[in-house]
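Before any comments, here is the structure.
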Amino acid sequence: MCAIRVGRFWYNPVMRTVLESAFFDRDPAVVARALLGMFVVRMVEGHEVSLMITETEAYAGAEDRASHARFGKTARTAPMFGPPSTTYVYFTYGMHHMLNVACQAEGMPSAVLIRGAGNIVGPARLTKALAVDRGLSGQPLGKEVGLWFEDRGVVVAAQDIQVTPRVGVEYAGACARRLWRFVVRTASARTKSAR
DNA sequence: GCAGTGATCATA
DNA sequence: ATGATCACTGCC
């Protein structure tokens, strides 16, 4: 039985369970926590690239003053209101793409931002590495679009998770202090402290 | 420390 | 139509 090491974590390469929409049909903070140790899988130029997720953030609906859904449904944010496992990719600062997955039932806006995976730290670096752009926004995760998530049996213990406020949402008042950022503590994926 | 870059959304 | 803002990164 050959196990493969990812940082301090080991997994069995035989186990590959694709995360279906039910996984995402939960509170975004629960999903964000549960995604640590899961793998994001992307087809890029005919090759399957998979990376263990190490950093996520949760975003909720209108009551979350840090969420893009706080102003209601718009052309850009409509995927956040879609069924669970809908991708929400947006373009910001004139150059960066951000990868999110919608959570909860259709009509209930929420999402998890994937901020880091494998050795990649930073949400825009991740989308660059995985060739993710707005063309994916609004599409359901799956092999049809070449982007999906898998459970490969990595278990991340609570003691290995750092929980912090979300990055870059100081404008959100009290919501900025919500502890909705989840980071796997590893030697390689050491992160900057929240700004 | 801060420039770069352009979509997005509120305001009009 | 206009302007401020932005769930960021890389280079100074």
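When the first sequence is numbered by the working numbering, its final residue is 251 and no position is left out of the sequence of numbers. The beta-carbon is built from N, C-alpha and C at its ideal position, and this holds for glycine as well.
So what does DSSP say about M108, is it helix, strand or coil?
Walking along the first sequence from the start, residue 108 turns up at place 52. Strand, per DSSP.
Just verifying my parser: in three-state terms, what is the DSSP assignment at E207?
Locating residue 207 in the first sequence gives position 151, where the first residue counts as 1. It should be pointed out that residue 207 corresponds to Asp in this sequence rather than to Glu. Three-state result, D207: strand.
Determine which residues share a DSSP beta bridge with W236 and list them.
Within the first sequence, numbered from 1, the residue matching residue 236 stands at position 180. The partner list for W236 (beta bridge, DSSP) is empty, contrary to what the question assumes.
Between the Cα of M108 and the Cα atoms of A230, G209 and P140, which residue gives the shortest distance?
Here residue 108 refers to the residue found at position 52 when the first sequence is read from its first residue. Residue G209 is the option with its Cα nearest to M108.
For the structure I just gave you, are there three or more beta carbon pairs, one from the stretch 159-168 and one from the stretch 189-205, closer than 8 Å?
Cβ pair count under 8 Å is below three, so no.
Can you tell me where the alpha helix (DSSP H) with R89 in it begins and where it stops?
Position 33 of the first sequence, counting from 1, holds the residue named residue 89. Per DSSP, R89 belongs to the alpha helix (DSSP H) from P84 to L91.
Across which residues does DSSP place M99 in a beta bridge pair?
For the purposes of this step, residue 99 is taken as residue 43 along the first sequence, with counting starting at 1. Paired residues: E104.
Using the Cβ count rule (16 or more neighbours within 10 Å means buried), how would you classify F127?
If you number the first sequence from 1, residue 127 lands on position 71. Exposed.
Please classify G172: does DSSP put it in a helix, a strand, or coil?
Along the first sequence, read from residue 1 onward, the residue named residue 172 stands at position 116. Reduced to three states, the DSSP call for G172 is strand.
Quick one: grab the DSSP three-state call for T142.
Position 86 of the first sequence, counting from 1, holds the residue named residue 142. DSSP places T142 in strand when its eight states are reduced to three.
Could you tell me the boundaries of the alpha helix (DSSP H) in which A185 lies?
Numbered from its first residue, the first sequence carries residue 185 at position 129. Per DSSP, A185 belongs to the alpha helix (DSSP H) from P179 to A185.
Once the 5 residues before and after S264 are set aside, which same chain residues still bring their CB inside 7 Å of it?
The structure shown has nothing for residue 264, since the chain only spans 57 to 251.
Helix or strand or just coil, what does DSSP make of Q218?
By one-based count along the first sequence, residue 218 stands at place 162. Q218: strand per DSSP, three-state reduction.
If distances are taken between C-alpha atoms only, which option among E206, G102 and V219 comes closest to R233?
Working through the first sequence from its first residue, we reach residue 233 at position 177. Comparing Cα-Cα distances from R233 to each of E206, G102 and V219, the minimum goes to V219.
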